[in-house]
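Visitor:
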Amino acid sequence: MGDILKDLKYYRQALGVNMLWNSYPIIFVVRDGFGIGPSGSIFTILYWGLGILLMLPVNIFQKIYLPNKMLFFFWFAFWALSYIYWKYYPSPNFGAEPLREILTYFIPLGFLFASMYYPNDKLHIIVIVLVFYSILASTGLIYYMTQQSGWQLGDRAGIRFAANTNNSNPHAYANNALAGLLAALIVAGRSKQVLVKVFYFMCALFSLAVMVLARTNISIIALILSALVYFVLHGRSAFLAIFKWQFLVIVGAIAGIIYTLLAQFSKASFVLSVYFQTMLGRFGKVIYTVSGVQVAESSKEIDYSSVNRILSFRYVTEVFLGEGTIGTILFGEGYKAQFFDVPALEALVNQGLVGFVLFNGFFGVVIMTSFQQFFRPANDLSKFMAYFSFIILIALFSGARPIDLSMWLVYIFYVRFFGVYSSSPALETRQTQLTPA
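Heads up: the sequence shown begins at 109 in this note's numbering, then just goes up one per residue.
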């Protein structure tokens with residue numbers, strides 16, 4: 109308890125960090141689910157502003173901690189190139205929204221500046237706060253679903269936008285649940301007390317249940333890949349841990365808690381089983397669409413989101429590279445000329461070879477840093493980010509855009525903290541006072 113009180117300011121700053129890079133799950137709950145605060149982007153801007161304020165110290169003229177230099181180079185170079193394209197090479201297809209574009213370019217810079225005040229030797233606190241932040245968002249989602257008279261068994265878990273009641277974003281909650289699951293497992297692994305371990309393992313299981321309810325392919329694939337990497341690297345130690353008495357006590361306690369909960373809420377197990385079967389069926393449709401391989405009779409259907417991505421690949425190979433001029437290939441078709449839902453390709457088509465190299469070079473550094481952190485993690489946060497990187501690498505070919513504020517905030521999170529060791533040098537910003545002779 110004493111350590112928490114001593115580090116209270118770091119918990120405040122850690123909350124601010126999570127409010128920026130993982131903002132939407134809480135925003136959707138408060139703004140769209142409970143109808144609190146102004147609608148639209150005003151609430152989002154206020155939420156980000158509060159997060160930045162929480163990260164800043166009382167006195168900004170002190171130490172700042174430098175980000176990952178390679179990630180910063182690629183992201184900032186792509187930021188500068190995109191800004192130039194916005195101003196001087198806009199596409200006729202681009203609908204000008206000056207305020208949205210200004211926020212896209214300068215909110216991430218504010219996040220980066222504020223996060224540089226967070227000390228490198230306290231990064232584990234960000235992971236602890238992330239567990240509770242994620243559970244809060246997931247709990248808000250579950251409560252919202254139980255209050256909706258129109259919700260039916262089998263509907264994907266998500267909160268309908270206040271501006272458009274027909275649409276929701278289950279991806280935000282699936283990704284948040286994956287983050288909470290990974291963070292809880294990492295904190296549980298570091299904890300010494302059995303009861304604390306049981307608590308964090310229960311948080312991980314709750315997050316897994318929310319992932320099943322949200323039913324998104326990307327989060328499930330990322331979880332499977334994370335599990336494979338972990339068991340390849342730590343399978344032997346995990347197997348030996350099974351025979352320790354602490355493990356048996358933890359498993360027994362968790363099994364007892366789950367049995368009690370399911371006995372009290374018998375419908376919960378039925379709901380989870382229905383969602384799990386539906387999720388497997390949807391996953392099979394994606395495999396059938398991309399490869400033609402039929403996983404089961406029910407999966408012999410087309411997944412139309414996957415079809416759109418296949419068409420995007422064809423446009424690049426047959427039209428852009430096949431029929432485009434040298435100038436078009438070098439410099440692209442212009443700022444936000446095409447929308448592919450495949451950021452890796454969209455960067456090439458819209459901003460040419462330079463944009464393609466800079467944007468995808470960022471992810472190349474993420475992959476190399478992930479390999480390093482799997483074997484020799486700098487801290488708990490970098491370990492978490494290495495496993496969570498699967499989801500942003502998958503999204504490189506399956507969602508978002510290369511110029512996207514919500515994704516850029518995640519990239520800044522990686523720029524500032526990924527692979528940064530506690531011994532990394534800090535930059536003094538205090539003014540040196542001269543002593544008279």
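For every residue, glycine included, the Cβ atom is placed at its ideal position computed from N, Cα and C.
(1) Using a Cβ-Cβ cutoff of less than 7 Å, which residues in the same chain neighbour residue 283 once the five nearest sequence positions on both sides are dropped?
(2) Work out the CA separation of residue 458 and residue 438 for me, nearest whole Å.
(3) In whole angstroms, what separates the C-alpha of residue 441 from that of residue 469?
(4) Ends of the alpha helix (DSSP H) at residue 522?
(5) What do you reckon, are the CB atoms on residue 154 and residue 145 nearer than 9 Å?
(6) How long is the line joining the alpha carbons of residue 467 and residue 455, rounded to whole angstroms?
(7) Check whether the stretch 124-141 and the stretch 175-194 are in contact - that is, three or more C-beta pairs closer than 8 Å.
(8) Report the rounded CA-to-CA distance for residue 194 versus residue 210, giving the unit in angstroms.
(9) Are three or more beta carbon pairs between the stretch 469-482 and the stretch 217-233 nearer than 8 Å?
(10) Given residue 287, which residues of its chain have a CB within under 7 Å of its CB, disregarding the five upstream and five downstream residues?
(11) Please report the residue range of the alpha helix (DSSP H) in which residue 119 lies.
(12) Return the residue from the list 233, 151, 173 that minimises the CA-CA distance to residue 113.
(13) Using a Cβ-Cβ cut-off of 8 Å (strictly less than) and excluding sequence neighbours within five positions of residue 134, which residues of its own chain qualify?
(14) List the endpoints of the continuous alpha helix (DSSP H) containing residue 177.
(15) Check whether the Cβ atoms of residue 55 and residue 450 lie closer than 9 Å to each other.
(16) Going by C-alpha distance, which of 528, 483, 520 is nearest residue 339?
(17) Residue 491 lies in the alpha helix (DSSP H); which residues open and close that run?
(18) Which residue from 317, 302, 332 puts its Cα closest to that of residue 265?
(19) Determine, using beta carbons only, whether residue 140 and residue 323 come nearer to each other than 9 Å.
(20) When the distance is taken between beta carbons, is residue 510 closer than 9 Å to residue 463?
(21) If I follow the unbroken alpha helix (DSSP H) through residue 468, where does it start and stop?
(22) Measure the Cβ-Cβ separation of residue 95 and residue 492 and say whether it is below 9 Å.
(23) By the three-class DSSP mapping on this structure, what secondary structure does residue 213 have?
(24) Figure out for me which residue from 199, 225, 293, 302 has the closest Cα to the Cα of residue 165.
(25) With DSSP run on the structure shown, which of helix, strand or coil describes residue 199?
(26) What residue from 303, 417, 321 has the CA that sits closest to residue 254's CA?
(27) Jot down the residue ranges of each uninterrupted beta strand (DSSP E) in the stretch 235-313, minimum 3 residues, whole runs only, in chain order.
(28) Please classify residue 447: is it buried, with 16 or more other beta-carbons within 10 angstroms of its beta-carbon, or exposed?
(29) In terms of DSSP beta bridges, what is residue 535 paired with?
(30) Between the alpha carbons of residue 256 and residue 325, how many angstroms are there, rounded?
(31) Taking Cβ to Cβ, would you say residue 518 is nearer than 9 Å to residue 228?
(32) What three-state label does DSSP hand residue 443 in the structure shown?
(33) Give the secondary structure of residue 206 by DSSP, where H, G and I count as helix, E and B as strand, and everything else as coil.
(34) How would you call residue 486, buried or exposed, if buried means at least 16 neighbouring beta carbons within 10 angstroms?
(35) Which term fits residue 342, buried or exposed, when burial requires 16 or more other beta carbons within 10 angstroms of its beta carbon?
(36) Here's the rule I'm using: 16 or more other beta-carbon atoms within 10 Å means buried, otherwise exposed. How should residue 408 be labelled?
Guide: Quick answer:
(1) 327, 499
(2) 10 Å
(3) 20 Å
(4) 513-525
(5) yes
(6) 7 Å
(7) no
(8) 10 Å
(9) no
(10) 130, 238, 242, 496
(11) 116-129
(12) 233
(13) 127, 155, 241, 244, 245, 248
(14) 177-196
(15) Any property of residue 55 remains undetermined from this structure, which presents the chain solely from 109 to 545.
(16) 483
(17) 488-503
(18) 317
(19) no
(20) yes
(21) 451-483
(22) The displayed coordinates of the chain run from 109 to 545. Any statement about residue 95 would go beyond what the structure contains.
(23) helix
(24) 225
(25) coil
(26) 321
(27) none
(28) exposed
(29) 172
(30) 25 Å
(31) no
(32) strand
(33) helix
(34) buried
(35) exposed
(36) Model confidence at residue 408 stands at a pLDDT of 49, short of 50, so the residue's coordinates are unreliable and nothing is read from them.
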